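Contents: one structure, followed by commentary.
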Amino acid sequence: MSRSKLNEEKVGNRKVRSPHRKENGSRASFNNKSNSLAGADRSRIRKPHRKGRSDFFGDIGSVFCKRLCIFLSVFCCVLAVLYLEVQYNQASKRQRQFYTPIDLPTVIGHNGTAPEQSPELFWGTYRPNIFFGMSHRSPHSMLFGLAWVAFDGHSVAFRHQCTNDGGLKGYNWIEHDGRNYGIQTIISGNHNITVAFVKRPNTPYGGDWTARISVSPVNKVSPFDTLFFL
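Numbering-wise (UniProt numbering), the sequence shown opens with residue 1 and increments by one.
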């Protein structure tokens, strides 16, 4: 009797304990499911929040780029309009200046620079910005000029244009009547250059002219070359 009772009690205890284990297992699985669902819900909640931030900054960047493009296009259009306006005004001024000359008689008449009209003025020292140069008064004149090369032991100086640099001490016309003759002196470094020209107006084609160039050292003799070119 005692053994059968003990067996029945063990079986009953087993039957009673198994529902508790099942309940504990179901609770654990439920807790795991609830935790997984909660994690999924959290991830679902966070993802839209981050996506919304990126969209917000992306929208700001796109709006800024659009506004910048619009501003630059408007600015370029304004500059183009101003440039065209300035060009139009300058062209209109040039047209008015060209087509509305002063209503006065001209100083030199038609064909007034021909050698037949004023042979004594046809040839002269009319070339500007050089020390000495001869030309005539026709639109396509022959040009003559003076150039020289001086060596002072350290450097070579080539002179042609009328400037004050390169050791030039002075230059001036001593005599010139504007028509028939002239004498010029040039002091360049250690050399004195004298240029003289004379014309003969009583010949055809504006007269003949002759130029003479002489060079003398100031203190010591140094290499010096002159060139009278056409």
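All C-beta atoms, glycine included, are put in the ideal place defined by N, C-alpha and C. Remember, predicted model here, so these are calculated numbers, not experimental data.
Gln184 burial status per 10 Å Cβ neighbour count (16 or more: buried): Counting from 1 along the sequence shown, the entry for residue 184 is found at position 184. Answer is buried; the Cβ neighbour count reaches 16.
C-alpha gap between Pro217 and Asp208, whole angstroms: For the purposes of this step, residue 217 is taken as the residue at position 217 of the sequence shown. For the purposes of this step, residue 208 is taken as the residue at position 208 of the sequence shown. Distance between the alpha carbons of Pro217 and Asp208: 31 Å.
Span of the beta strand (DSSP E) around Asn192: Indexing the sequence shown from 1 puts residue 192 at position 192. Run containing Asn192: 191 to 200, per the beta strand (DSSP E) assignment.
Residue environment, residue 238, which counts as buried when at least 16 other CB atoms sit within 10 Å: The first residue shown for the chain is 1 and the last is 230, placing residue 238 beyond what the model contains.
Within 8 Å, strictly: CB atoms of Asn180 and Pro201: Taking the sequence shown and counting its residues from 1, the one referred to as residue 180 is at position 180. Taking the sequence shown and counting its residues from 1, the one referred to as residue 201 is at position 201. In this structure, Pro201 lies closer than 8 Å to Asn180 by Cβ.
Start and end residues, beta strand (DSSP E) containing Phe131: If you number the sequence shown from 1, residue 131 lands on position 131. Taken as a continuous stretch (DSSP letters only), Phe131 belongs to no beta strand (DSSP E), as it is neither H nor E.
8 Å CB neighbourhood of Leu227 in its chain, flanking five on each side removed: Locating residue 227 in the sequence shown gives position 227, where the first residue counts as 1. Leu146, Ala147, Trp148, Val149.
Reduced DSSP category for Ala28 - H, G, I as helix; E, B as strand; rest coil: As a first step, residue 28 must be located in the sequence shown, where it is residue number 28. The pLDDT assigned to Ala28 is 49, lower than 50, so where the model puts this residue is not dependable, and the model offers no usable value.
Euclidean distance between Cα positions of Gly206 and Glu120: The sequence position of residue 206 within the sequence shown is 206, counting from 1. The sequence position of residue 120 within the sequence shown is 120, counting from 1. Looking at the two C-alpha atoms, the distance is approximately 7 Å.
Beta-carbon proximity list for Leu168, same chain, < 6 Å, skipping 5 on both sides: Counted from its first residue, the sequence shown places residue 168 at position 168. Within the same chain, Leu168 has close Cβ partners Ser188.
Leu104 - containing beta strand (DSSP E), residue span: Within the sequence shown, numbered from 1, the residue matching residue 104 stands at position 104. Neither: Leu104 is in no beta strand (DSSP E) and is coded neither H nor E.
For Lys83, three-class secondary structure by DSSP: Numbered from 1 along the sequence shown, position 83 holds the residue referred to as residue 83. Note that residue 83 is Tyr in the sequence shown, not Lys. Three-state DSSP puts Tyr83 in a helix.
Host beta strand (DSSP E) of Leu146 (start-end): The sequence position of residue 146 within the sequence shown is 146, counting from 1. 144 to 151 is the extent of the beta strand (DSSP E) around Leu146.
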